[in-house]
Amino acid sequence: MQLIHCPWCGPREEVEFHYGGQAELAYPERPAELSDQDWAEYVFYRDNPKGPFAERWSHNAGCRRWFTAVRDTRTYRFLGTAKPGEPLPVTQQREARV
Amino acid sequence: MADTLFRTHPLAHRRAALAELSAAVGGLSVYPEDEVAAVDLRVGPVGPGGDALGRALGTALPAEPNTWTHTADGQLIWLGPDEWLLTSAGGDPAELERELGWVVSAFDGAAVDVSAQRTSLRLRGELARELLSLGCSLDLRPTAFPAGTCAQTHVGQTVVLLLALGADDFRLFVRQSFAGYLADWVLDTAEELRAAPCHPAALANLSEE
Ligand SMILES: [Zn+2]
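Chains as they are written, first to last, in the numbering used here: chain Z, 1339 to 1436; chain C, -8 to 200.
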């Protein structure tokens, strides 16, 4: 089992954490102008890169805070974590949307 | 006629078994502790809110994650970057909630009586760390987890709030409904220590024979 580094509590066992999906999703600036297609993409469509991916994780069993982690989806290795609002610990690759 | 209900300790039914274990295994003492008042405090860690709360409590809020400090009759425990748990052996929970709530409400904070949420189990002795390490992934050696530190983590399958009171002295706050499980986990896991005592004194005896 690997350790995930909570930005507050430090390294803890993976089972203490909960996955929260893709990070850094900006709420639409003018929500009233969104089409159904735009809404669907905002609410449901997520990147699925092969490589580093910025995600939200929650330290469920510990401090119960949300934070950002960059995880390599090929190896499941955590490349770094950061408190909300802090710059991402590692650059991530975003998949180009077609 | 309806039966009269008396309030009992959540670990009342494990008391005897834990006492027997403590008597049988040298270097290990496990017992349920008396219930304390507990208030969950939320306030911004920096700025006037934290200061005002510190003044009301008579001690500064522990800002360092995973630490706790003494208060007059209890403990002030770090739970999160803007969250602490106050315990008080003599305090009235409703009174504490009202008084502290009044202090922090001026700073968008909150104080909530959570006395009924947890109960605590005390583990002492030179085998206490050995026992905990069989179900807890943290490094509990005094160099890494000295007196004054705490952690919310897993022991066995349950979440606990683990406090180091001394080098061989731990307090485990556990949800009341999980307390029986935790006591059973301790009793079950300690079988290993009964069968093959591995503390230095026992090993010394073995090598002499
Ligand atoms: Zn944490």
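In this text, a Cβ means the ideal position worked out from N, Cα and C, and glycines have one as well.
Residues near residue i in its chain [Cβ-Cβ closer than 8 Å; skip 5 each side]
{"i": "residue 1374(Z)", "result": "none"}
{"i": "residue 57(C)", "result": "69, 140, 141 and 142"}
{"i": "residue 73(C)", "result": "33, 34, 35 and 36"}
{"i": "residue 88(C)", "result": "30, 102, 103 and 104"}
{"i": "residue 108(C)", "result": "29, 166 and 167"}
Residue i: contacting residues in chain Z (beta-carbon distance under 9 Å)
{"i": "residue 134(C)", "result": "Result: empty, since nearest Cβ-Cβ is about 15 Å, beyond 9 Å."}
Nearest residue (CA-CA) to residue i, options the options
{"i": "residue 130(C)", "options": "1344(Z), 1351(Z), 1384(Z) and 1346(Z)", "result": "1351(Z)"}
{"i": "residue 1393(Z)", "options": "1376(Z), 1416(Z), 1365(Z) and 1380(Z)", "result": "1416(Z)"}
{"i": "residue 144(C)", "options": "1339(Z), 1353(Z), 1345(Z) and 1340(Z)", "result": "1353(Z)"}
{"i": "residue 1380(Z)", "options": "1364(Z), 1349(Z) and 1339(Z)", "result": "1364(Z)"}
{"i": "residue 184(C)", "options": "0(C), 27(C), 12(C) and -4(C)", "result": "12(C)"}
{"i": "residue 128(C)", "options": "103(C), 150(C) and -5(C)", "result": "150(C)"}
{"i": "residue 47(C)", "options": "174(C), 102(C) and 55(C)", "result": "102(C)"}
{"i": "residue 1421(Z)", "options": "1377(Z), 1347(Z) and 1341(Z)", "result": "1347(Z)"}
{"i": "residue 174(C)", "options": "95(C), 49(C), 4(C) and 27(C)", "result": "4(C)"}
{"i": "residue 1408(Z)", "options": "1426(Z), 1345(Z) and 1401(Z)", "result": "1426(Z)"}
{"i": "residue 65(C)", "options": "71(C), 81(C) and 159(C)", "result": "81(C)"}
Delimiting residues of the beta strand (DSSP E) encompassing residue i
{"i": "residue 1393(Z)", "result": "1390 to 1396"}
{"i": "residue 33(C)", "result": "28 to 33"}
{"i": "residue 1420(Z)", "result": "1415 to 1420"}
{"i": "residue 1382(Z)", "result": "Per DSSP, residue 1382(Z) belongs to no beta strand (DSSP E); it is in the alpha helix (DSSP H), 1374 to 1382."}
{"i": "residue 0(C)", "result": "Note, residue 0(C): premise wrong, no beta strand (DSSP E); not H, not E."}
{"i": "residue 1404(Z)", "result": "1404 to 1410"}
{"i": "residue 1344(Z)", "result": "1341 to 1344"}
{"i": "residue 21(C)", "result": "20 to 23"}
{"i": "residue 1368(Z)", "result": "Neither: residue 1368(Z) is in no beta strand (DSSP E) and is coded neither H nor E."}
{"i": "residue 1358(Z)", "result": "1356 to 1360"}
{"i": "residue 1349(Z)", "result": "1348 to 1351"}
Beta-carbon contacts of residue i that lie in its chain and below 7 Å, excluding the five residues immediately before and after
{"i": "residue 1382(Z)", "result": "none"}
{"i": "residue 18(C)", "result": "116, 117, 118 and 190"}
{"i": "residue 1410(Z)", "result": "1389, 1390 and 1417"}
{"i": "residue 1362(Z)", "result": "1392"}
First and last residue of the uninterrupted alpha helix (DSSP H) at residue i
{"i": "residue 10(C)", "result": "6 to 15"}
Contacts of residue i in chain C (Cβ-Cβ under 7 Å)
{"i": "residue 1399(Z)", "result": "143, 144, 145 and 150"}
{"i": "residue 1354(Z)", "result": "144 and 145"}
Closer than 9 Å at the beta carbon, the chain C residues around residue i
{"i": "residue 1351(Z)", "result": "128, 129, 144 and 145"}
Amino acids of chain Z, ordered along the chain, whose beta-carbon sits closer than 7 Å to that of residue i
{"i": "residue 70(C)", "result": "1401"}
Cβ neighbours of residue i in the same chain (closer than 6 Å, five flanking residues each side left out)
{"i": "residue 167(C)", "result": "1 and 110"}
{"i": "residue 1343(Z)", "result": "1349 and 1419"}
{"i": "residue 113(C)", "result": "22, 24 and 162"}
{"i": "residue 152(C)", "result": "143 and 164"}
{"i": "residue 1356(Z)", "result": "1396 and 1398"}
{"i": "residue 201(C)", "result": "Since the first residue of chain C shown is -8 and the last is 200, residue 201(C) is not available in this structure."}
{"i": "residue 157(C)", "result": "138"}
Contact set between residue i and chain Z, taken where Cβ atoms lie within less than 8 Å
{"i": "residue 56(C)", "result": "1346, 1347, 1348 and 1401"}
(message) If we require 4 or more residues per run, which alpha helix (DSSP H) segments fall completely within the region 37 to 125 of chain C?
(response) You should have 39 to 48, 84 to 96 and 119 to 124.
(request) Quick one: which unbroken beta strand (DSSP E) runs of 3-plus residues sit fully inside the region 127 to 181 of chain C? Chain order, please. (result) If we require 3 residues or more, the beta strand (DSSP E) runs fully inside the region 127 to 181 of chain C come out as 141 to 146, 149 to 157 and 160 to 166.
(message) Residues around ligand 3, please: the condition is that the C-beta lies closer than 7 Å to some non-hydrogen atom of it.
(response) Because ligand 3 does not appear in the structure shown, any question about it cannot be addressed here, the ligands present being ligand 1.
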